[in-house]
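Colleague:
In my numbering, the protein residues as written are 2 to 533.
Below is the structure:
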């Protein structure tokens, strides 16, 4: 590539003429922050978030035991410890309250917006980069996981960072970019095993871009990344055995591909009444984006190859994950957050393609903005499963629970977040006893998942690390109790009814030994009070 081409790549296609406007990206980042604040304080943590907060607080040594202990060739947990270790460090500084642990994801989400801007500016003009950053800021899919206490936004930051430095390396960058690519790729693998399903298509870029001379360096960088990942790679077979033995992800069908496309743009869920509008606006914006891509190809737009590259990186990991799921179901939309981000950059470019009729371009952008607005409304307003007002539940039980009565959950999904909030005030702050020790709060018990079923994901070793062991069975859990407050999600009852059961098995068994006194509802959470 000529020196002129290298210069163009480092500043965008019109970088020599179109200067960067730093104040604009700062305004976009401010907007991104404001969009990520609603529900941050009001929406309670759900099971996965409570698990992440409680598990990471135990520290690396305990987490390693609760993840890597192998029983009959099966590891205790499936996730590597990269994110949990970062969250452990973060909690040591900021505390373990709900807002504090979510703040880490908010910060990472802002970093992701900035990386999206930097990648877009390297590929295209400044105005396209700003539009792409605005899409990142407003995308419901990106907003959701910029608030959640999970590893997916960190994974996306690392993968998008790897994409950015890899692009620099391919365009003649020095050794430092190849090293950075390897380090970021390894770090992504330490964050989530499914990172490989993005890194593999990314590493194949030289083949279809006819840069065979870069393929050898890509292989060397990949080998270095694997060497960095090797200390954890040796445990991956036992973690894969856990996925094969018992995991909740079903095998996907073609409908999942359509849903993923909607998730990339609208986020989901949205109210049923708005679904048709969301589908129409998503189809409209994507259709005009596709038309802009075709027009870019026909007009020999010099940025066309980069636009197609983004679309390739948005689609290839989805298809790879889909195909692998026919061997072992691993199709997880939130692990495709990076592909969703690149889909947005592609749309930003495609709707700005040369010779695209302005009416089409502005209609596509308006449809996209409408989709974002409806998606954000759906996300902000949603309060159903798996969310529930755990602080209110605990306050209620503290008042109503009598001596020798117990609180028993049908499974870990409701028990773990209840326990997380039981140790805290309604505002989420930890409370202490008079002697300075942490208040254990309201005692919660829970029943185990049937061994080997899709829901059996919390291994005994992990329970031990959490200090929260499942009861052996219902009979022993209620032995000696004068009353039971039984907690479960309403949909769990409906699932049993759909399978032909007359009632939830645990409720039937409780009715044999107790009398139902009352039923209280907290959103989709049912609380059954049984007395002798």
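Glycine included, C-beta positions come from ideal geometry on N, C-alpha and C.
Could you give the residue range of the beta strand (DSSP E) that holds residue 406?
Modeller: 406 to 410 is the extent of the beta strand (DSSP E) around residue 406.
Colleague: Less than 8 Å between the beta carbons of residue 377 and residue 23, yes or no?
Modeller: Contact flag unset, no.
Colleague: Mapping DSSP to helix, strand and coil, what is residue 522?
Modeller: In the structure shown, residue 522 sits in a strand (DSSP, three-state: E or B).
Colleague: In chain order, what residues of the same chain have a beta carbon less than 6 Å from the beta carbon of residue 354, not counting five sequence neighbours either side?
Modeller: Here the set comprises 293, 296 and 297.
Colleague: Below 8 Å CB to CB, which residues in the same chain sit around residue 524 once its five sequence neighbours on both sides are set aside?
Modeller: Excluding positions up to five away in sequence, the list reads 384, 385, 388, 389 and 390.
Colleague: Within 10 angstroms of its Cβ, does residue 434 collect 16 or more other Cβ (buried), or is it exposed?
Modeller: Because residue 434 sits at a pLDDT of 44, beneath the cut-off of 50, its placement in the model cannot be relied upon, and the following sentence gives the value as read from the coordinates. With fewer than 16 Cβ atoms within 10 Å of its Cβ, residue 434 is classed as exposed.
Colleague: Could you pull the start and end residues of the beta strand (DSSP E) that residue 486 belongs to?
Modeller: Note, residue 486: beta strand (DSSP E), 484 to 490.
Colleague: Can you tell me whether DSSP reads residue 164 as helix, strand or coil?
Modeller: DSSP places residue 164 in helix when its eight states are reduced to three.
Colleague: Check each candidate in 346, 328, 356 and 255 and name the one with the smallest Cα separation from residue 299.
Modeller: Of the candidates 346, 328, 356 and 255, the one whose C-alpha sits nearest the C-alpha of residue 299 is 356.
Colleague: Using the rule of at least 16 other Cβ atoms within 10 Å of the residue's Cβ for burial, across every protein chain shown, is residue 449 buried or exposed?
Modeller: That one is buried.
Colleague: Looking only at DSSP bridge pairs, what is residue 517 linked to?
Modeller: 531, per the DSSP bridge assignment.
Colleague: One question on the structure: do residue 88 and residue 102 come within less than 8 Å of each other, judged by their Cβ atoms?
Modeller: Against a cut-off of 8 Å, the Cβ pair of residue 102 and residue 88 comes out as a contact.
Colleague: What residues in its chain sit with their C-beta under 6 Å from that of residue 190, if we drop five residues either side in the sequence?
Modeller: 196 and 230, listed in sequence order.
Colleague: Pull up the CB-CB distance for residue 286 and residue 314, whole angstroms please, since I reckon it's below 8 Å.
Modeller: Their Cβ separation, rounded to whole angstroms, is 19 Å, which puts residue 286 and residue 314 out of contact at 8 Å.
Colleague: Considering Cα atoms alone, identify which of 321, 380 and 358 is closest to residue 198.
Modeller: Among 321, 380 and 358, the Cα nearest to that of residue 198 is on 321.
Colleague: If you pair each beta-carbon of the region 459 to 471 with each one of the region 64 to 80, do three or more pairs fall below 8 Å?
Modeller: They touch, by the three-pair rule.
Colleague: What do you reckon, are the CB atoms on residue 290 and residue 365 nearer than 8 Å?
Modeller: Going by C-beta atoms, residue 290 is nearer than 8 Å to residue 365.
Colleague: Give the list of continuous alpha helix (DSSP H) stretches no shorter than 4 residues that lie fully inside the region 321 to 353.
Modeller: Counting whole runs of 4 or more residues, the region 321 to 353 contains the alpha helix (DSSP H) stretches 338 to 351.
Colleague: Indicate the three-state DSSP secondary structure (helix, strand or coil) for residue 302 in the structure shown.
Modeller: Here residue 302 sits in coil by DSSP.
Colleague: Looking at C-alpha atoms only, which residue of 221, 130, 232 and 375 is the closest neighbour of residue 27?
Modeller: Looking at the Cα atoms, 130 is the closest of the given residues.
Colleague: Please state the DSSP three-state secondary structure of residue 146.
Modeller: In this structure, residue 146 counts as helix in the three-state DSSP scheme.
Colleague: Anyone know if the C-beta pair for residue 139 and residue 166 falls short of 8 Å?
Modeller: Taking 8 Å as the Cβ cut-off, residue 139 and residue 166 do not qualify as a contacting pair.
Colleague: Once the 5 residues before and after residue 215 are set aside, which same chain residues still bring their CB inside 6 Å of it?
Modeller: Here the set comprises 171 and 207.
Colleague: What does residue 211 pair with, by DSSP beta-bridge criteria?
Modeller: Beta-bridge pairing links residue 211 to no other residue.
Colleague: Quick one, which of 135, 270 and 411 has its alpha-carbon nearest residue 115's?
Modeller: Comparing Cα positions, the closest option is 135.
Colleague: Would you kindly work out how many angstroms separate the C-alpha atoms of residue 262 and residue 347, rounded to a whole number?
Modeller: The alpha-carbon atoms of residue 262 and residue 347 are separated by roughly 13 Å.
Colleague: Determine contact between the region 410 to 417 and the region 489 to 501, defined as no fewer than three beta-carbon pairs at a distance below 8 Å.
Modeller: Yes: at least three Cβ pairs fall under 8 Å.
Colleague: When you compare only the Cα positions, how much space is there between residue 77 and residue 244?
Modeller: Going by the C-alpha atoms only, they are around 10 Å apart.
Colleague: Output needed for residue 466: all residues of its chain with C-beta closer than 8 Å, excluding positions within five of it in sequence on either side, in chain order.
Modeller: Excluding residues within five positions, the ones whose Cβ falls inside 8 Å are 56, 59, 63, 64, 66 and 67.
Colleague: Short check: CB of residue 528 to CB of residue 516, under 8 Å?
Modeller: No, these two residues do not count as a Cβ contact at 8 Å.
Colleague: Return helix, strand or coil for residue 295, following the three-state DSSP convention.
Modeller: Reduced to three states, the DSSP call for residue 295 is helix.
Colleague: Rounded to whole angstroms, what is the Cα-Cα separation between residue 79 and residue 363?
Modeller: Each residue's Cα considered, the two are about 45 Å apart.
Colleague: With H, G and I counted as helix, E and B as strand and the rest as coil, what does DSSP make of residue 108?
Modeller: Looking at residue 108 - three-state DSSP - the assignment turns out to be helix.
Colleague: Classify residue 78 as helix, strand or coil using the three-state DSSP reduction.
Modeller: Residue 78: coil per DSSP, three-state reduction.
Colleague: CA-CA distance, residue 329 and residue 252?
Modeller: Distance between the alpha carbons of residue 329 and residue 252 is about 8 Å.
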